[in-house]
Structure formats: structure tokens, C-alpha cells
Amino acid sequence: MPRLPKQNYHDIERIIEMDFLRATEAAALNSLKWLGRGDKEAADAAASDAIRGMFDLMNICGEVVIGEGIKDNAPGIFKGEQLGTWLPGTPQFDIAIDPIDGTTNISKGAPNSISCIAAASPEEGVKVALRDVPSFYMTKLSYGPRVIQYMQRRGDNLKLEAPIPETLAIVARAVDKRVQDIVVMMLDRPRHKEMVDEIRGAGASLRMIGDGDIAAAMAPAIPDSGVDLYMGIG
Numbered sequence: 000m001p002r003l004p005k006q007n008y009h010d011i012e013r014i015i016e017m018d019f020l021r022a023t024e025a026a027a028l029n030s031l032k033w034l035g036r037g038d039k040e041a042a043d044a045a046a047s048d049a050i051r052g053m054f055d056l057m058n059i060c061g062e063v064v065i066g067e068g069i070k071d072n073a074p075g076i077f078k079g080e081q082l083g084t085w086l087p088g089t090p091q092f093d094i095a096i097d098p099i100d101g102t103t104n105i106s107k108g109a110p111n112s113i114s115c116i117a118a119a120s121p122e123e124g125v126k127v128a129l130r131d132v133p134s135f136y137m138t139k140l141s142y143g144p145r146v147i148q149y150m151q152r153r154g155d156n157l158k159l160e161a162p163i164p165e166t167l168a169i170v171a172r173a174v175d176k177r178v179q180d181i182v183v184m185m186l187d188r189p190r191h192k193e194m195v196d197e198i199r200g201a202g203a204s205l206r207m208i209g210d211g212d213i214a215a216a217m218a219p220a221i222p223d224s225g226v227d228l229y230m231g232i233g
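Using numbering that gives the first Met the number 0, the letters of the sequence shown map in sequence onto residues 0 to 233.
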């Protein structure tokens, strides 16, 4: 067995950032051949295999604490799996992972699928750094750096419970647009009917998506995405 290179654990955060980047890149490349082929499980399996392969090269003790539930003969990376080399003395990490958020998009040849990994190392005397909690629908609100800076100058934050017209007006001022020019991205779901009516009633426009709300929530922070705000329940 080849000897694994020694790593500088004083800079472990930078090391795992680059390793995670390589893992998600590998997942994207390995699942590309399933784009538009109508088989989302095959795409998920391809992404999972690629990520496992990259973790086999990482000198960490990683345990998946937020992942997919155990399924018979189903692809995925599951809660309780150990990732990394688990060599003595290597740093411990709790890992949250979704090989592909938006498998339906890949199967249809649509955009906005993304591979996601997050990790945290427990502090001394603490058993866990990430905790798995039951899944619930949540109200979500995502916006970009110009809105953040605007709210910081005001000493305030956008509030989930604020009326939608009020939120749109604040975002419009923050990005130097009229409300009529604000673009809101949202999952196309029946539960959003009232929100859709309020957004359109205020004069803003919508970009409705079928799946993949992680990528959608990132869109307002991506330059030239054309999206100012992400809202919805998911």
C-alpha cells in the first residue's frame, strides 16, 4: 500500500476546503454522463462513488451525521458512514453531505443541480460538532452581498415574517433598482400561490424552478445571475 503524504494539520481548514472542492468537482464530472438520461438514481450513484473515492485520499476521520437515510440497495452516502483514511492522529470531522441536490434536474437535463459538503470539527470536550435534526419545511430568504451591506449600515436584518412588499422595497433600495425590476426565484409549488400573488402584486417578477433550491438560494450572491432574492418554503 503506498504511503500517504504527511499533511500540515495546523492548516487543516485550508486542506479540507480544497479536498472538498475536488470531491464535489469529481461528483459533477462523474454524474455528467447521466445528464438528460432520465435516471436520477444512476446520477446519484455516480456522484456518490466519486465523492467516496476522493474521501479515500483524505487524511481525516470523517463521520456522516447529516446525509441520506439507510435504503436497501439505494445509491447515496448515508448517515453513519465513515469517510476518510481514519489514520491514527488525523483530525475528526462531522460531515453533512448531499452528493446531488437536484437529481431530478440532472435526469431531465435541466440546470441548478449541485453537490454539497459541509464539515465541522468538535471542540475539545464536545462529542459532536454537527447535529442531525428531523427534516421540516422551512421558510427561506436568501439575498446577496449588496443587501447585506445595506442592512448592516441600517443596523438591521431582513426578517422572514416581514410583509413581502416591504421586503421587496428594501431589496430594491439596496440594489438600486425599482421594485418592478426585482427578480425573485422560487420553487414552483402549489404552497407558494399566495406568495406568488403578493410578489407579482407588488410589481416584481419571478423565476420559477422545479427543483434544486440550494443552487437557487445561492443565486442572489452570484454576480450576473439576474436574481435579486430567493424566497419560499422548502
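Where is the CB? At the ideal position from N, CA and C, for every residue including glycine.
- M53 is a Cβ neighbour of A22, given a cutoff of 8 Å.
- At a Cβ-Cβ threshold of 8 Å, S47 and P98 count as neighbours.
- The shortest CA-to-CA distance from I163 to any of N104, F135, Y229, G124 is the one to Y229.
- Along the length of the stretch 144-232, whole alpha helix (DSSP H) runs at least 4 residues long occupy 144-153, 163-173, 192-201, 212-217, reported in chain order.
- Bridge pairing for D100: I113 [DSSP].
- Contact between M137 and I65 is ruled out by a C-beta separation of about 15 Å, above the 8 Å threshold.
- Linking A119 to M150 through their CA atoms gives a straight-line distance of about 29 Å.
- Beta bridge pairing from DSSP links F92 with G61.
- In the structure shown, E67 falls within a strand segment according to DSSP collapsed to helix, strand and coil.
- In the DSSP assignment, T23 falls within the alpha helix (DSSP H) that extends over 11-30.
- Assigned with DSSP and collapsed to three states, S47 falls in helix.
- Leaving aside the five residues that flank A44 on each side, the residues in its chain whose CB is nearer than 6 Å to its CB run, in chain order, P74.
- For L140, the uninterrupted beta strand (DSSP E) segment begins and ends at 138-142.
- Residue pairing from DSSP places L82 in a beta bridge opposite G61.
- Within its own chain, the residues whose Cβ lies closer than 7 Å to the Cβ of L34, once the five positions on either side in sequence are excluded, are I105, G108, listed in chain order.
- Collapsing the DSSP output to three states places F135 in coil.
- Residue state for A118 is assigned as strand, using DSSP reduced to three classes.
- Between F77 and K126, the alpha-carbon positions lie close to 20 Å from each other.
- Here P219 is buried. Its C-beta has 16 or more other C-beta atoms within 10 Å.
- C115 is the residue among E16, I14, E80, C115 whose C-alpha sits nearest the C-alpha of D212.
- Cβ neighbours of G37 within its own chain (closer than 7 Å, five residues either side excluded): S106.
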